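Residue numbers (our numbering): 10 to 497.
No residue lacks a Cβ here, since even glycine has one placed at the ideal position from N, Cα and C.
Everything numeric in this text was worked out from a predicted model, so none of it was measured.
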Amino acid sequence: MEGTTEPVLYHKLQLWEPSVEEEEEEEEETVEPLVPYPWQPQDYARYKFAGLPGTCARIAAALLLLVVACSLAIRQLQARDDSNSDPTALPPGGHTHHSGVYHHAAIISPAATCSHLGQELLVAGGNIVDAGVGAALCLAVVHPHTTGLGAVFWGLFHNSSSGNSTALTSGPAQALAPGLGLPATLPTLHLLHARFGYLSWPHLLQGPTKLAQEGFTVDATLAKALAAQGTGNLCPLLCHADGTPLGLGARATNPQLAGVLRRAAHAPTPDLAGEALLSLLARDLGREVPSTPVPTLLPALQLPVPQGLLLTTPSPSAGPEMLTQLEAALHSEGPSPDPCPSLLPTAGSPGSSVLATVDSSGSVLLLTSSLNGSFGSGHLSQSTGVLLSNLGAGATPSTWACPLILRGSPGDTEADVLGLVASGTPQMAKAMTHALFGYLAGTQTQQQQGPAGSPRTCGQGTLLQVAAYAEHAHVSSVPKGCCPFQGL
10 MEGTTEPVLY
20 HKLQLWEPSV
30 EEEEEEEEET
40 VEPLVPYPWQ
50 PQDYARYKFA
60 GLPGTCARIA
70 AALLLLVVAC
80 SLAIRQLQAR
90 DDSNSDPTAL
100 PPGGHTHHSG
110 VYHHAAIISP
120 AATCSHLGQE
130 LLVAGGNIVD
140 AGVGAALCLA
150 VVHPHTTGLG
160 AVFWGLFHNS
170 SSGNSTALTS
180 GPAQALAPGL
190 GLPATLPTLH
200 LLHARFGYLS
210 WPHLLQGPTK
220 LAQEGFTVDA
230 TLAKALAAQG
240 TGNLCPLLCH
250 ADGTPLGLGA
260 RATNPQLAGV
270 LRRAAHAPTP
280 DLAGEALLSL
290 LARDLGREVP
300 STPVPTLLPA
310 LQLPVPQGLL
320 LTTPSPSAGP
330 EMLTQLEAAL
340 HSEGPSPDPC
350 PSLLPTAGSP
360 GSSVLATVDS
370 SGSVLLLTSS
380 LNGSFGSGHL
390 SQSTGVLLSN
400 LGAGATPSTW
410 ACPLILRGSP
420 GDTEADVLGL
430 VASGTPQMAK
440 AMTHALFGYL
450 AGTQTQQQQG
460 PAGSPRTCGQ
470 GTLLQVAAYA
480 EHAHVSSVPK
490 GCCPFQGL
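What follows is the structure, given as structure tokens:
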């Protein structure tokens with residue numbers, strides 16, 4: 010699906026796609042001895058051992074050369090083994106970083122499998138949009154309790170190349186049937202990728218398709234959700250033969266979903282991929298095939314502040330309300346008595362999923378998606394393996410959709426960038442504002458160790474923070490360690 014304006018190319022690949030000359034230099038460095046060579050080749054012809062005949066001297070010199078060569082070879086093999094066993098091993102003269110700090114780019118998500126898949130896309134030459142979209146499709150497979158092909162999406166992308174910031178939305182919520190929301194994930198993520206991605210669309214679908222077909226391991230968060238939910242209509246996808254829910258470490262497959270992803274990868278247009286999925290779902294429900302959802306890309310909502318520019322998603326998301334609250338707090342004469350200021354009070358607690366990617370140039374992608382509750386409607390389509398949300402027509406899932414980016418000095422393309430995105434209860438937005446206030450106050454320890462605040466004081470849920478400054482990409486989360494991250 011095409012955007013309504015001229016495409017903005019985002020090809021920040023030069024950091025991890027070296028030129029031929031650079032590759033040759035790197036190859037030379039890898040074969041360079043780890044210790045200085047004891048002499049130059051021309052020195053050998055003049056080498057003499059005092060007091061030994063010429064023949065003996067040559068034999069002794071040859072033996073010494075052999076010993077030195079073997080020693081160097083052993084050192085090289087040991088160094089290579091150490092490098093292979095530790096992917097973070099540094100070359101001679103390298104330097105170390107705090108956990109979550111990377112030279113080029115990083116990704117953080119609730120599932121280790123999906124963070125690793127995002128890293129693989131970066132290594133393959135993709136940009137952060139490729140990594141983020143691929144990880145989102147991976148989460149649709151391994152975290153069906155919070156997201157999936159039946160989910161709705163919001164996103165916020167800051168492009169450091171152009172300086173533009175774009176909001177992504179699945180469009181108005183629509184009903185496929187009473188109590189069942191219309192799936193919007195495939196057209197929404199495809200629109201984002203078609204506009205800003207670099208790798209091919211089929212490439213992004215390879216990993217998620219393989220996970221669905223060959224199986225994935227149930228992690229702690231999915232196991233906990235299954236234990237609380239029960240299997241209900243989720244069998245046989247997420248339960249044992251006796252009907253009990255899968256537990257931590259169990260193996261799950263979703264071959265029907267794998268088939269849907271394969272068709273989406275090879276469809277001539279994303280519209281046809283979406284229509285194929287809707288046709289299968291409508292057939293299951295005995296209903297007419299609805300029209301394909303129309304996602305949108307819009308300019309991000311902006312709020313100038315003394316420290317830079319705040320960016321978020323426009324209405325009907327929670328972005329406008331968040332900016333109103335932040336503006337009032339920033340212009341208040343006295344400090345707020347509540348370290349986690351009130352924001353968006355609501356009785357709803359929709360389950361949602363978040364992920365974030367960032368590169369050292371300052372480009373940031375924040376994605377949040379939801380089925381509007383744990384496992385959404387609980388309705389599993391047997392022919393597609395898709396769990397549908399319970400978002401009906403006119404529903405506005407604004408309580409969880411409020412990704413936020415702070416870009417310092419709007420006129421400076423090299424300015425530091427901070428990205429925040431939260432999931433869980435709406436009260437997690439308090440933790441997000443608390444983290445932002447700490448950042449604006451110039452708390453350096455927060456930039457190094459992650460956002461201030463904690464879910465204990467600011468509501469239950471997950472908060473992801475990414476940043477680009479000092480030519481490095483930084484990722485962290487609250488609670489610490491909840492979300493695995495990977496980077497380059």
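- Spatial neighbours of Thr-301 within its chain, please: CB distance less than 8 Å, with the 5 preceding and 5 following residues excluded, ordered by chain position. Pro-196, Asp-280, Gly-283, Glu-284, Leu-287
- Task: Kindly indicate which three-state DSSP category Gln-238 falls into: helix, strand or coil?
- Result: helix
- Out of Asn-399, Ser-485, Arg-260, point me to the one whose CA is closest to Thr-155's CA. Asn-399
- Message: Quick check: is any heavy atom of the ligand GTP less than 8 Å from the C-beta of Gly-283?
- Response: The ligand GTP is not part of this structure, which contains no ligands at all.
- Span of the alpha helix (DSSP H) holding Ala-338? 328-339
- What's the call for Pro-101, buried or exposed, on a 16-neighbour Cβ count within 10 Å? Low confidence applies here, because Pro-101 scores a pLDDT of 43, under 50, leaving its location unreliable; read the following figure in that light. Burial call: exposed.
- Query: In whole angstroms, what separates the C-alpha of Gly-317 from that of Val-138?
  - Reply: 24 Å
- Task: Mark Thr-278 as exposed unless 16 or more other C-beta atoms lie within 10 angstroms of its C-beta, in which case mark it buried.
- Result: exposed
- Query: Going by the CB atoms, is the gap between Ser-390 and Leu-270 shorter than 9 Å?
  - Reply: no
- Message: Does the contact criterion of 3 or more C-beta pairs under 8 Å hold for the stretch 248-267 versus the stretch 225-234?
- Response: yes
- Task: Closer than 8 Å by C-beta to Thr-240: which residues in its own chain qualify, once you throw out the five before and the five after it? Chain order, please.
- Result: Leu-247, Cys-248, Gly-252, Thr-253, Pro-254
- Query: Per DSSP, Pro-308 is paired with what?
  - Reply: Thr-175
- Which stretch, first to last residue, makes up the alpha helix (DSSP H) that contains Phe-205? 194-205
- Message: If I follow the unbroken alpha helix (DSSP H) through His-481, where does it start and stop?
- Response: That residue, His-481, is in no alpha helix (DSSP H); its beta strand (DSSP E) goes 481-487.
- Query: Can you tell me whether DSSP reads Val-367 as helix, strand or coil?
  - Reply: strand
- Ala-149 beta carbon less than 9 Å from that of Ser-124: no
- Taking C-beta to C-beta, are Leu-413 and Leu-339 nearer than 9 Å? no
- From Thr-393 to Pro-181, what distance separates their C-alpha atoms? 23 Å
- Looking at the structure shown, is Gly-190 part of a helix, part of a strand, or coil, going by DSSP? strand
- Task: Can you tell me which of Gly-164, Ala-186, Gln-474 puts its alpha carbon nearest to the alpha carbon of Gly-295?
- Result: Ala-186
- Task: Tell me, please, whether the CB atom of Gly-239 is closer than 9 Å to any CB atom in chain D?
- Result: This model lacks chain D altogether, as it is built from one protein chain only.
- Message: Rounded to the nearest angstrom, what separates Ser-361 and Thr-175 at their Cα positions?
- Response: 21 Å
- Item | Alpha-carbon spacing of Val-373 relative to Gln-474, whole angstroms | 11 Å
- Item | Where Phe-494 falls: helix, strand or coil (DSSP) | strand
- Task: Taking all protein chains shown into account, decide if Pro-304 is buried (16 or more other Cβ within 10 angstroms of its Cβ) or exposed.
- Result: buried
- Message: To the nearest angstrom, how far is the alpha carbon of Asn-470 from that of Val-363?
- Response: Rather than Asn, the amino acid found at residue 470 in this sequence is Gly. Approximately 11 Å between the Cα atoms of the pair.
- Message: Distance check for Gly-172 and Gly-6, CA to CA, integer angstroms please.
- Response: Outside the displayed range of the chain (10 to 497) lies residue 6, so it cannot be described from this structure.
- Between the Cα of His-113 and those of His-167, Ser-378, Ala-477, Cys-147, spot the shortest distance and give me the residue it belongs to. Ala-477
- Query: Using DSSP with H/G/I as helix, E/B as strand and the rest coil, what is Leu-376?
  - Reply: strand
- Query: Taking all protein chains shown into account, do 16 or more other C-beta atoms lie within 10 angstroms of the C-beta of His-152, making it buried, or fewer, making it exposed?
  - Reply: buried
- Query: Quick one: what's Val-430 bridged to in DSSP?
  - Reply: Leu-473
- With respect to the beta strand (DSSP E) encompassing Ala-114, which residues constitute its N-terminal and C-terminal limits? 114-117
- Query: Comparing alpha-carbon positions, which option in Glu-480, Leu-449, Thr-322, Gly-428 lies nearest Ser-486?
  - Reply: Gly-428
- Item | Residue range of the beta strand (DSSP E) that includes Val-161 | 161-167
- Spatial neighbours of Pro-299 within its chain, please: CB distance less than 8 Å, with the 5 preceding and 5 following residues excluded, ordered by chain position. Gln-183, Leu-185, Leu-191, Leu-287, Ala-291
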